[in-house]
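Here is the structure we will look at.
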Amino acid sequence: MVYGTIVNGGDPVDEVMLFLYPSTSSVTGEDVVEITCHGSMLIANEIISIFLSKGARYATKGEFTARSFYNGKTDLIKAEAVNDLINSTTKEAKNINLMALSGKSSNLIKPLKKEIADLLSLIEVNIDYPEYTDLEDANEKKIIESIDEIRSNIIDLLTQGEAAKIIKDGVRVAIVGQPNAGKSSLLNAFLKEDKAIVTDIPGTTRDIVEGDVVIGGVVFHLLDTAGIRESSESIEAIGIKKSLEAISNSDIVILVVDATKGLVDDDLAILNAAKDKTTIIVMNKADLVSNENDKNIKISAKNGDISSLIAVLKDSLHLEEKYFTTPSLSNERQLNILKNIDKLLSDAREDSVNQAPIDFVSASLLSAYRLCEELLGETKSLDLTDEIFSRFCVGK
């Protein structure tokens, strides 16, 4: 640390501290100087202008993390965790991303990579040196058993990863139903604020109204939609079309039913539109009826009585406690590569069962091994990594 004054043309700009990081100790693997000035944007911008005039430039998106990766100071999984950590919206998501940043997620792949390499080596040495009788035999039974064990570990990683992805990214929830069923009141009850307009006039909601709520450490992205019914009114019809699109793009659908009317044909039509989704039926305005035999979830959105629905939403995710405390591979790139590795191992197993030439088995295993390298970023593709770092905010 060095104390001094920055001057420009002999005029003092500010008294500052310089933090000097040699390449051996810096995050990027390069010599770095960090300037700490007084907390004024006027002063900060003046210092930046001086450096720009001397030939410096602004960092591009993700450039510091990218330099760290290219200089071998971090692997790609840890590099991705930097951006994920910055974008964390809950403490639970932050903790998962911190585990990735510390290298715990990368350590999940290294044993997998070694197991594939060991099996591949065993096959190759049997191919190249068949005359050596003291070698372990890479027979069909051995290959199948090894692949089954590796794939079992991959399934565990995928299960953990999909759960962690939900914790990190949240889930999209479409609140749907007929006009005046109480959808907007339900959104307001979730958010504990009057975000959506509520009136007794059917069709008030014409566009999607959004809001986020955290339940059990997971962000639920709520979409209050226009009431779905047959309509010849052009503006309302557009809103209904958007409601159906919201159902298609959601993970969970909440069908709000007016408890004073019960489930009718129009509600059944909405259920049919959401048949491929996790759908939760709630009877709203339960304070106006007294049907004890109704087994559906009962709420009163207007009165803020939605605790039973919140409990069901939390349970619908099937998130065990371990998913919040275990490192994982949890972004889209990592999960897709894991799935491709599993597919290649499945191909190798099938070839072995069918007694295909051993070269076929070996080729699939080699491709799986290379995907493990890609997962960690050990095979650096400029197109791939530039695309990844372009998602970062400027300078990180």
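Under the working numbering, residues 328 to 723 are what the sequence shown spells out, in order.
A virtual CB, placed ideally from N, CA and C, is assigned to each residue, including glycine.
Item                                                                                                               : Value
With 16 other Cβ atoms within 10 Å as the buried cut-off, status of Lys440                                         : buried
Alpha-carbon spacing of Lys604 relative to Ile685, whole angstroms                                                 : 43 Å
Closest Cα partner of Gly631 within the set Asp475, Arg394, Ala427, Ser511                                         : Ser511
Rounded straight-line distance, which links the Cα of Ile333 to that of Ile377                                     : 10 Å
Residue nearest to Ser429 in terms of C-alpha spacing, selected from Ala420, Leu672, Met344, Pro654                : Pro654
Start and end residues, beta strand (DSSP E) containing Met344                                                     : 338–348
Range of the contiguous alpha helix (DSSP H) that encloses Asp475                                                  : 467–496
Exposure of Lys625, with buried meaning 16 or more beta-carbon neighbours within 10 Å                              : buried
Distance CB(Gly504)-CB(Val583) smaller than 8 Å                                                                    : yes
Terminal residues of the beta strand (DSSP E) in which Tyr330 lies                                                 : 329–335
Beta-carbon proximity list for Leu693, same chain, < 7 Å, skipping 5 on both sides                                 : Leu447
Close-in-space but distant-in-sequence residues of the same chain around Ile502 (CB under 7 Å, 5 per side omitted) : Lys510, Leu513, Leu514, Leu549, Leu550, Asp551, Thr552, Ile581, Val583
Residue ranges of each alpha helix (DSSP H) within the stretch 383–422, 4 or longer                                : 390–397, 403–413
Straight-line gap, Asp669 to Asp475 (C-alpha atoms, nearest Å)                                                     : 10 Å
Paired residues, beta bridge with Gly538 - DSSP                                                                    : Leu549
Asn466 versus Phe687: straight-line alpha-carbon distance, rounded                                                 : 14 Å
Range covered by the alpha helix (DSSP H) that runs through Glu659                                                 : 659–680
Distance, Ile404 Cα to Ile482 Cα                                                                                   : 19 Å
Neighbour-count burial assignment, Asp411, 16 or more Cβ in a 10 Å radius                                          : buried
Pair within 8 Å by beta-carbon distance, Val545 and Leu662                                                         : no
Validate contact between the stretch 485–493 and the stretch 535–544 using beta carbons, cut 8 Å, 3 pairs          : no
Endpoints, the alpha helix (DSSP H) within which Leu595 is located                                                 : 592–600
Val688, enclosing alpha helix (DSSP H) - first and last residue                                                    : 685–703
Through-space distance from Lys629 to Lys612, alpha-carbon basis                                                   : 8 Å
Sequence-distant residues of the same chain with beta carbon closer than 6 Å to Ser691, five excluded per side     : Leu671, Asp674, Ala675
Pair within 8 Å by beta-carbon distance, Leu598 and Thr587                                                         : no
Cβ-Cβ distance between Asn667 and Leu698 below 8 Å                                                                 : yes
Three or more C-beta pairs below 8 Å linking the stretch 365–379 and the stretch 389–401                           : no
Spatial distance of Leu435 from Ala695 (CA atoms)                                                                  : 15 Å
Where the alpha helix (DSSP H) containing Asn611 begins and where it ends                                          : Where Asn611 is concerned, there is no enclosing alpha helix (DSSP H), although the beta strand (DSSP E) it sits in stretches over 605–611.
Nearest to Ile374 (by Cα), restricted to the options Val340, Val359, Asp358, Ser689                                : Val340
Anticipated Cβ contact below 8 Å, Ile633 with Phe547, distance rounded                                             : Wrong, their Cβ atoms sit about 12 Å apart, outside the cutoff.
Proximity below 8 Å, CB of Ile608 to CB of Asn623                                                                  : yes
Proximity of Gln729 and Tyr330 at Cβ, strictly below 8 Å                                                           : Because the chain in this structure spans residues 328 to 723, residue 729 falls outside the shown range and cannot be described.
Reduced DSSP category for Glu520 - H, G, I as helix; E, B as strand; rest coil                                     : coil
Straight-line gap, Glu700 to Glu342 (C-alpha atoms, nearest Å)                                                     : 47 Å
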